[in-house]
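First residue of the sequence shown: 1, per our numbering; consecutive thereafter.
Cβ coordinates follow ideal geometry from the N, Cα and C atoms, glycine included.
Treat the numbers as computed from the prediction; the structure is a model and nothing was measured.
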Amino acid sequence: MRKFSFVLLLTLFSVLLSGCAICTQMPAQYKQSIHTFKMDPNIPVPKQMMYISTKSQIASVFGGPFAQMAVAREVDVPQEANLRKIAQLNNIQISQIVMQQITSQIKQKTNYKIIKSDNADAILAIKISNYGFASPGEFSGGKLKPQLYITVSLVKNGKVIWLSNDFVTTVTSGTPSFTYEQLSQNPNNMTIAWNAAAQRLASEIVSHM
Numbered sequence: 001m002r003k004f005s006f007v008l009l010l011t012l013f014s015v016l017l018s019g020c021a022i023c024t025q026m027p028a029q030y031k032q033s034i035h036t037f038k039m040d041p042n043i044p045v046p047k048q049m050m051y052i053s054t055k056s057q058i059a060s061v062f063g064g065p066f067a068q069m070a071v072a073r074e075v076d077v078p079q080e081a082n083l084r085k086i087a088q089l090n091n092i093q094i095s096q097i098v099m100q101q102i103t104s105q106i107k108q109k110t111n112y113k114i115i116k117s118d119n120a121d122a123i124l125a126i127k128i129s130n131y132g133f134a135s136p137g138e139f140s141g142g143k144l145k146p147q148l149y150i151t152v153s154l155v156k157n158g159k160v161i162w163l164s165n166d167f168v169t170t171v172t173s174g175t176p177s178f179t180y181e182q183l184s185q186n187p188n189n190m191t192i193a194w195n196a197a198a199q200r201l202a203s204e205i206v207s208h209m
């Protein structure tokens, strides 16, 4: 029920808002003084994926929350666990996917340099609050779309000087959809889906640097 409510909340926000959930321009004084970033390799990631199947959506619409919870225990929980296991076995790491997309967008769209030295002007930190797959609705034909919620911040002398976050949900256009079977039988489809979601978020967030 908690996962369903969270997806519903994100969907409502994504309909009401355009662009970043919280996207702020970097203060002018820092734009002038910061030229290099060091990436924080420690990216917090939830232990479990967000996962809501079409069957779970149908149960919620026609049977209410208790029916949805019953189907979630029977379908969503084991399928989520299996996809998470498959991702681990195939070294598909959402943290690395997001970091690579953020890095790529910074190189393409800004003049900032990403270096490994501790002498960098600021530390760039990434946090993944939610990721996974969810059905866009009871008429989706069993297809699942990627879910992703990230926060990117710049830290200088222990102080957060800039922060931006955004999310991709089932109503986000331009992201691919796959069935559970397509994801579990071809793990590369997970990479494709999460790369598409991460690229979209990275592009939006970096544009506000």
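From residue i to residue j, what distance separates their C-alpha atoms?
| i | j | result |
| --- | --- | --- |
| E181 | G174 | 21 Å |
| S140 | S207 | 32 Å |
| Q185 | Y131 | 20 Å |
| K116 | M99 | 14 Å |
| A193 | I128 | 16 Å |
| S18 | D121 | For S18, the predicted model reports a pLDDT of 40, less than 50, meaning its position is unreliable; a value from the coordinates is still stated below. Computed Cα separation, rounded: 31 Å. |
| M50 | S177 | 15 Å |
| N90 | A81 | 14 Å |
| N188 | E204 | 25 Å |
| V77 | T179 | 16 Å |
| N195 | I97 | 6 Å |
Nearest by alpha-carbon distance to residue i: which of the options is it?
| i | options | result |
| --- | --- | --- |
| Q147 | T170, Q101, K127 | T170 |
| I52 | G158, L144, V152 | L144 |
Assuming residue i and residue j are in contact, meaning their beta carbons sit under 8 Å apart, how far apart are those beta carbons, in whole angstroms?
| i | j | result |
| --- | --- | --- |
| A87 | M209 | So it is not a contact: roughly 30 Å between Cβ atoms. |
| I22 | I126 | Not confirmed; about 15 Å, so no contact. |
4 or more residues per run - each alpha helix (DSSP H) lying fully within the region 175-201: Taken in chain order, the complete alpha helix (DSSP H) segments of 4 residues or longer contained in the region 175-201 are 180-185.
Quick one: any contact between the region 100-116 and the region 192-206, if contact means 3 or more CB pairs under 8 Å? Cβ pair count under 8 Å is three or more, so yes.
Threshold first: 4 residues or longer. Then list the alpha helix (DSSP H) segments lying entirely within the region 87-131, N to C. Runs found: 94-109.
So does the region 147-156 actually touch the region 30-41, counting three or more Cβ pairs closer than 8 Å? Contact holds: three or more Cβ-Cβ distances are below 8 Å.
Could you tell me which whole beta strand (DSSP E) segments of length 3 or greater appear in the region 142-175? Runs found: 143-156, 159-168.
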